[in-house]
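Below is one structure, written out as structure tokens; the observations come after it.
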Amino acid sequence: MILLAQTALYLLALAGIIACSFGLILFLGGALNRARPSAVRLRRAGLALLCLCGIVASAAAGFVGLPMIMYFAQHS
């Protein structure tokens with residue numbers, strides 16, 4: 063059961079990193095396009111920043127969550 067929980071958490075963290083990476087590329091490309099109005103570029107830059115935060119959060123969830131599952135498995 064612990065192996066299943068670890069695998070699921072790892073795959074969810076990996077999926078979050080991949081999805082946020084695609085979002086970062088998409089929104090950052092629009093933010094760097096000088097043909098767009100300034101307000102649209104700022105909004106897309108903000109969304110790219112949120113995607114970058116999502117990458118960090120997904121990585122942290124994976125790297126902190128796996129040892130946490132192992133810790134609770136030892137102490138229960």
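Taken in order, the sequence shown gives residues 63 to 138; the numbers are from our numbering. We put the beta carbon where it would ideally sit given N, CA and C, even for glycine.
- Straight-line measurement puts the Cα of residue 121 at about 17 Å from the Cα of residue 132.
- Scanning its chain for C-beta atoms nearer than 6 Å, with the 5 sequence neighbours on each side dropped, one finds no residue around residue 63.
- Boundaries for residue 96: no alpha helix (DSSP H) harbours it, and the DSSP string shows neither H nor E there.
- In this structure, residue 82 keeps its C-beta atom at 8 Å or more from the C-beta atom of residue 108.
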